[in-house]
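Here is the structure we will look at.
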Amino acid sequence: MLSDGAAGAHLGVGARSGTTADELLALIGEVLREAGLPAGCVRSLATLDARAAEPGIVAAAAALGVPVRGFPAEELAAVPVPHPSALPLAATGTASVAEAAALLAAAEDGRAVPDGRANAGTENGAATAADADGRAGPGESFVGRVGPVLVVPKRKSRRATCAIATFVPFRTNEVTSVARLLPLTHGYIAGEPGSPPTIPTPHTTAAMDTHTHSDAHDLRHHGDAEVRDEKLIDLAVNVRTNTPPDWLRKRIADSLTGLAAYPDGRAARAAVAERHDLPSKRVLLTAGAAEAFVLLARALPVRRPVVVHPQFTEPEAALRDAGHEVERVLLREEDGFRLDPAAVPEDADLVVIGNPTNPTSVLHPAASIAALARPGRILVVDEAFMDAVPGERESLAGRTDVPGLVVLRSLTKTWGLAGLRIGYVLAEPETIAALERTQPLWPVSTPALVAAEACMTRAALAEAEHAAHRIGVERAHLLAGLAEFDEVRTVPGAEGPFVLLRIDGADAVRERLRSLGFAARRGDTFPGLDRNWLRLAVRDRVTTNRFLQALDQALLIGG
43 MLSDGAAGAH
53 LGVGARSGTT
63 ADELLALIGE
73 VLREAGLPAG
83 CVRSLATLDA
93 RAAEPGIVAA
103 AAALGVPVRG
113 FPAEELAAVP
123 VPHPSALPLA
133 ATGTASVAEA
143 AALLAAAEDG
153 RAVPDGRANA
163 GTENGAATAA
173 DADGRAGPGE
183 SFVGRVGPVL
193 VVPKRKSRRA
203 TCAIATFVPF
213 RTNEVTSVAR
223 LLPLTHGYIA
233 GEPGSPPTIP
243 TPHTTAAMDT
253 HTHSDAHDLR
263 HHGDAEVRDE
273 KLIDLAVNVR
283 TNTPPDWLRK
293 RIADSLTGLA
303 AYPDGRAARA
313 AVAERHDLPS
323 KRVLLTAGAA
333 EAFVLLARAL
343 PVRRPVVVHP
353 QFTEPEAALR
363 DAGHEVERVL
373 LREEDGFRLD
383 PAAVPEDADL
393 VVIGNPTNPT
403 SVLHPAASIA
413 ALARPGRILV
423 VDEAFMDAVP
433 GERESLAGRT
443 DVPGLVVLRS
453 LTKTWGLAGL
463 RIGYVLAEPE
473 TIAALERTQP
483 LWPVSTPALV
493 AAEACMTRAA
503 LAEAEHAAHR
513 IGVERAHLLA
523 GLAEFDEVRT
533 VPGAEGPFVL
543 LRIDGADAVR
553 ERLRSLGFAA
563 RRGDTFPGLD
573 RNWLRLAVRD
583 RVTTNRFLQA
593 LDQALLIGG
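Note that my numbering numbers the sequence shown so that position 162 is 204, with each residue one more than the last.
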């Protein structure tokens, strides 16, 4: 939706000669749906003046009931665009006709913004490139009082491109619902004129490391280290934003009146068992999934443990700390990081795999994972992110026909309970008993037990399912934006609340993103990956659009 004070939506279109109105209208419809905007809010259809008389463009504008605005190539070329392409640059001298035209049309519309609104103030008190009446010319910066912004960046069909822009005021600490266009010479670059004063000075990743193995990969590094003590927009941690929900906060707060009593986990254990249609003796509540990895490493008589990588590194770290020699099976990028059960050594008596896997976001077929089961083998499946998959398809939780199966679940990611520490183990009764003997007394606090029970209700499960579908929509938006960058390659088929991408020199890009106000998860701490990988958490559309613009700047800054 357009934010308060918006002057209207403007479509920018780039089209080859002969592009039909039907093709344009189909693309425009997709872009409007992505923005959540009705066709009635569109003020104009803008394009290159040499294309303004094209029958398809004229007919599309007529169908929308808006005028066609044509801009000379030199005016379009003067507008910085977040997603430049070589083809239109060579043909017209403009790196993106759709984005530049949309922004110019929005800028013209912005000249009608009332002076009182235009003079609402700047984000940091600095002067802006906009005139006193809120106007700005082609190519000038709108960082400050008002400016044209992209609601949806360039989207493509076979012969056309389309973008949406509007003109809005910006106020201090205002959260807007559109992505802001920032020219390379202004904005979120630390130390430059127009930069917000809260953007931190970047520091080296070594300063964030909490523990370093002799192994080349820092198995103790976690995403929270990327944002600790920093005022950054967090794409490094995979906890869902705006959580816990209010109803869950209240349940946890109400539990504080009972802190004088020792924790009693029977009700929460029964609730988890009922949720997975299992007897309670197959359930063990833990202080997060991380505690379960430590229990497994310490309680089970393991001779040849194997961890399938890339994946969450805590299982291997826990096994090493318990004195085990750990073998790795490294899945390959060229295979899409997909599991080949035959790659796991036949005599491995403990196998650990994540599903969907952190950080690749690959969802392995349940049949492929079940094929790893053997008599005498413990098969550990980390399903910490499975409740972010609609329908939890490919889950093995609740299965009792797979020998040696141990499924780990976490409630910290979907429900925002990382600080409370709550998860659980589903396994054969003998395995549960062995793990329970290794636990200290009262390992899970009363507030965590109350949260676990609350998250097992039908209403909570329905809310989690809705959130999973929403994550899928926002993930698709993020991937579509990343696909616009020639330098970026993403792992296909992502199913988790995060995506993994490869950029040559991603470690340097990550540092530039920090200076632009965004934290991304480094990939080189995961066995099987190197410094050219980053993991990004899926966020809302506004945050994603802002990040994509920052990524564009980070890539261009690096040349």
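Ideal Cβ placement from N, Cα and C applies to all residues, glycine included.
| query | result |
| --- | --- |
| C-alpha gap between K196 and A518, whole angstroms | 15 Å |
| Selected residue, minimal CA-CA separation from R573, among I474, A550 and R588 | A550 |
| Span of the beta strand (DSSP E), counted from its first residue to its last, around A57 | A51 to A57 |
| Classification of Y466 by the beta-carbon crowding that lies within 10 angstroms, buried from 16 upward | buried |
| Among A426, P432, L477 and E470, nearest to L459 - alpha-carbon criterion | A426 |
| Any chain D beta carbon closer than 8 Å to E505 | The structure shown has no chain D; it contains just one protein chain. |
| Pick from P286, R340 and P534 that is closest to A479, judged by C-alpha positions | Note that residue 479 corresponds to Arg in the displayed sequence, not to Ala. It is R340. |
| G465 - DSSP class collapsed to helix/strand/coil | strand |
| Buried versus exposed call for T484 [16 or more other C-beta atoms within 10 Å across all chains shown] | The sequence as given places Trp at residue 484; Thr does not occur at that position. That one is exposed. |
| Beta-bridge partners of V541, as assigned by DSSP | L578 |
| Exposure of T499, with buried meaning 16 or more beta-carbon neighbours within 10 Å | exposed |
| Own chain partners of G330 with C-beta closer than 7 Å, once the 5 adjacent residues on each side are dropped | S452, T454, R463, I464 and G465 |
| Alpha-carbon to alpha-carbon, G396 and I411 | 10 Å |
| Close beta carbons around P534, own chain, < 7 Å, minus the five adjacent residues each side | G378 |
| Three-way DSSP call (helix, strand, coil) for K273 in this model | coil |
| Opening and closing residue of the alpha helix (DSSP H) in which P471 lies | P471 to T480 |
| Contacting residues, own chain, Cβ-Cβ under 7 Å from S487 (five flanking each side not counted) | P305 |
| T488, DSSP secondary structure in three states | helix |
| Extent of the continuous alpha helix (DSSP H) run through P357 | E356 to D363 |
| Opposing strand residues paired with R531 [DSSP bridges] | R544 |
| G274 to D546 span [Cα, whole Å] | Reading off the sequence shown, one finds Leu at residue 274, where the question assumed Gly. Whole-angstrom Cα-Cα distance: 23 Å. |
| Contact under 8 Å by Cβ, L145 with P190 | yes |
| Which of helix, strand or coil DSSP assigns to H519 | helix |
| Bridge partners - R197, DSSP secondary structure assignment | C204 |
| Option in S127, A104, G54 and R291 with minimal Cα separation from A490 | R291 |
| Given 8 Å, three or more beta-carbon pairs between the segment 198-211 and the segment 54-61 | yes |
| Reduced DSSP secondary structure (H/G/I, E/B, other) of A278 | coil |
| Cα-Cα separation between T136 and A147, rounded to whole angstroms | 15 Å |
| Which listed residue (R370, F589 and V336) has its alpha carbon closest to that of E356 | V336 |
| Cβ shell of R531 (< 7 Å), same chain only, five flanking positions each side left out | L543 and R544 |
| Segment contact flag, the segment 275-283 with the segment 558-566, C-beta cutoff 8 Å, min 3 pairs | yes |
| Cα-Cα separation, R577 to P401 | 6 Å |
| Sufficient close CB pairs (3 or more, under 8 Å) joining the segment 110-126 to the segment 83-97 | yes |
| Secondary structure, alpha helix (DSSP H): runs of 4+ residues fully inside the segment 296-372 | 308-317, 330-341 and 356-363 |
| Three-state secondary structure assigned by DSSP to A81 | helix |
| L453 (DSSP reduced to helix, strand or coil) | coil |
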